[in-house]
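In our numbering, the protein residues as written are 1 to 317. Each remark here refers to the structure printed beneath this line.
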């Protein structure tokens with residue numbers, strides 16, 4: 001059995017989501033290849049390619065202008081017939097490309113997989129994580145998105161992988177779809193989906209200014225910042241911070257929920273956290289029912305006191 005993982009990258013490394021896909025792919029196949037959409041010279045000098053059977057470097061990528069989901073799909077399709085399964089991380093990146101590949105191959109997509117029982121049997125959450133479905137596929141090529149928090153990333157190890165190349169098939173799309181501009185955000189915090197500590201705020205904070213309480217507490221833990229959809233919709237936090245079924249799925253060592261009631265969609269995105277701490281004035285809030293520890297009280301009193309206490313302990317040991 002052969003599997004192909006589509007790499008999610010940044011300018012400096014392969015993202016942890018890629019190595020979660022490697023862990024999943026090793027349950028499916030004995031040969032696991034990686035496809036990388038980046039200029040070849042940059043990829044060879046920047047990324048660590050140990051642990052893969054083969055690495056397919058996509059040639060002729062000279063700029064990001066034509067690095068669109070449509071062109072990437074065309075390139076993936078050119079290699080699809082040689083694989084039994086193609087895996088993507090269930091991130092914004094993977095969710096943008098996987099459905100296109102599945103549609104072009106006329107096969108079903110198996111989404112948000114959390115366990116692999118065999119080469120054609122998978123487990124995925126349904127009903128906002130309240131039930132698990134066993135999915136069986138007889139498609140010749142299986143298109144799979146992997147919930148990255150469900151598979152521990154496998155670190156790079158062993159000898160460097162064999163390098164192969166394939167052309168970037170952008171001709172069909174370069175005059176129809178192109179990227180006008182990409183804007184990144186400078187963030188010195190850990191990435192939300194892989195952070196060990198996440199401090200998240202909800203609508204009860206009342207304003208973007210009050211949301212700074214979340215930031216201050218996250219600073220103490222050197223953690224990432226999250227938000228409920230209600231807080232994002234209210235403009236208290238950017239969309240990148242959203243945790244939940246329609247946001248990012250996280251499973252940190254510590255998750256602190258400040259002023260979040262715990263809608264079912266939010267809980268679906270963070271319930272696998274190892275330790276959950278809720279700060280809420282309603283003991284009957286859904287978030288309090290799943291929390292390991294709960295502070296019942298006014299968050300505008302509890303959080304500043306917590307920040308003061310933790311800062312003092314950190315300063316004086």
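Here a beta-carbon is modelled for each residue, glycine too, at the ideal position from N, C-alpha and C.
Inter-residue Cα distance where the pair is residue i and residue j
i, j, result
"residue 343", "residue 282", "Because the chain is modelled from 1 through 317, residue 343 falls outside the range shown and cannot be assessed."
"residue 109", "residue 27", "18 Å"
"residue 296", "residue 86", "47 Å"
"residue 211", "residue 258", "10 Å"
"residue 129", "residue 1", "30 Å"
"residue 240", "residue 191", "10 Å"
"residue 270", "residue 235", "21 Å"
"residue 162", "residue 193", "30 Å"
"residue 12", "residue 43", "9 Å"
"residue 209", "residue 16", "32 Å"
"residue 4", "residue 167", "16 Å"
"residue 256", "residue 277", "5 Å"
"residue 120", "residue 204", "45 Å"
"residue 46", "residue 22", "19 Å"
"residue 172", "residue 165", "20 Å"
"residue 327", "residue 31", "Past the edges of the chain, shown from 1 to 317, lies residue 327, and the structure says nothing about it."
"residue 324", "residue 313", "Here the chain covers residues 1 to 317 and nothing more, so residue 324 does not appear."
"residue 307", "residue 266", "25 Å"
"residue 219", "residue 309", "14 Å"
"residue 25", "residue 315", "45 Å"
Pick from the options that is closest to residue i, judged by C-alpha positions
i, options, result
"residue 35", "26, 28, 27 and 18", "18"
"residue 294", "96, 262, 102 and 206", "262"
"residue 223", "212, 32, 316 and 254", "254"
"residue 58", "38, 51, 68 and 49", "38"
"residue 149", "114, 93 and 230", "114"
"residue 292", "215, 273, 47 and 165", "273"
"residue 322", "192, 55, 289 and 135", "As displayed, the chain neither begins before 1 nor continues past 317, which places residue 322 out of reach and without an answer."
"residue 90", "42, 122, 117 and 145", "145"
"residue 69", "30, 88, 100 and 118", "100"
"residue 299", "201, 52 and 1", "201"
"residue 29", "83, 61 and 129", "83"
"residue 248", "207, 278 and 195", "195"
"residue 169", "74, 22 and 41", "74"
"residue 303", "280, 316, 287 and 285", "280"
"residue 67", "44, 45, 93 and 112", "93"
"residue 33", "214, 308, 79 and 315", "79"
"residue 60", "215, 189, 40 and 107", "40"
"residue 246", "112, 179 and 308", "112"
"residue 155", "96, 215 and 20", "20"
Run of the beta strand (DSSP E) containing residue i, from where it starts to where it stops
i, result
"residue 372", "This structure cannot settle anything about residue 372, because the visible part of the chain is limited to 1 through 317."
"residue 280", "275-280"
"residue 89", "85-89"
"residue 190", "Unbroken run through residue 190: none, as it is neither H nor E."
"residue 295", "293-296"
"residue 253", "Premise fails: residue 253 is in no beta strand (DSSP E) and is neither H nor E."
"residue 145", "142-146"
"residue 149", "That residue, residue 149, is in no beta strand (DSSP E); it is neither H nor E in DSSP."
"residue 32", "31-36"
Extent of the continuous alpha helix (DSSP H) to which residue i belongs
i, result
"residue 75", "69-80"
"residue 169", "Here residue 169 belongs to no alpha helix (DSSP H), and DSSP marks it neither H nor E."
"residue 219", "212-221"
"residue 22", "16-25"
"residue 9", "Unbroken run through residue 9: none, as it is neither H nor E."
"residue 286", "286-290"
Per-residue DSSP class, three states only, for residue i
i, result
"residue 115", "strand"
"residue 4", "strand"
"residue 265", "helix"
"residue 207", "coil"
"residue 125", "strand"
"residue 244", "coil"
"residue 229", "helix"
"residue 109", "strand"
"residue 270", "coil"
"residue 59", "strand"
"residue 303", "helix"
"residue 94", "helix"
"residue 196", "coil"
"residue 130", "coil"
"residue 258", "strand"
"residue 155", "coil"
"residue 315", "helix"
"residue 135", "strand"
"residue 50", "strand"
"residue 224", "strand"
Nearest-angstrom Cβ-Cβ length linking residue i and residue j, presumed shorter than 8 Å
i, j, result
"residue 217", "residue 232", "At roughly 18 Å, the Cβ-Cβ gap does not stay under 8 Å, so residue 217 and residue 232 are not in contact."
"residue 243", "residue 227", "7 Å"
"residue 98", "residue 143", "6 Å"
"residue 160", "residue 49", "6 Å"
"residue 9", "residue 76", "Wrong, their Cβ atoms sit about 15 Å apart, outside the cutoff."
"residue 221", "residue 197", "4 Å"
"residue 123", "residue 132", "5 Å"
Residue-level contact to chain D via CB, residue i, 9 Å cutoff
i, result
"residue 243", "Included in the structure is just one protein chain, with no chain D present."
Cβ-heavy atom distance, residue i to the ligand ZN, below 8 Å
i, result
"residue 71", "The ligand ZN is absent from the structure shown, which contains no ligands of any kind."
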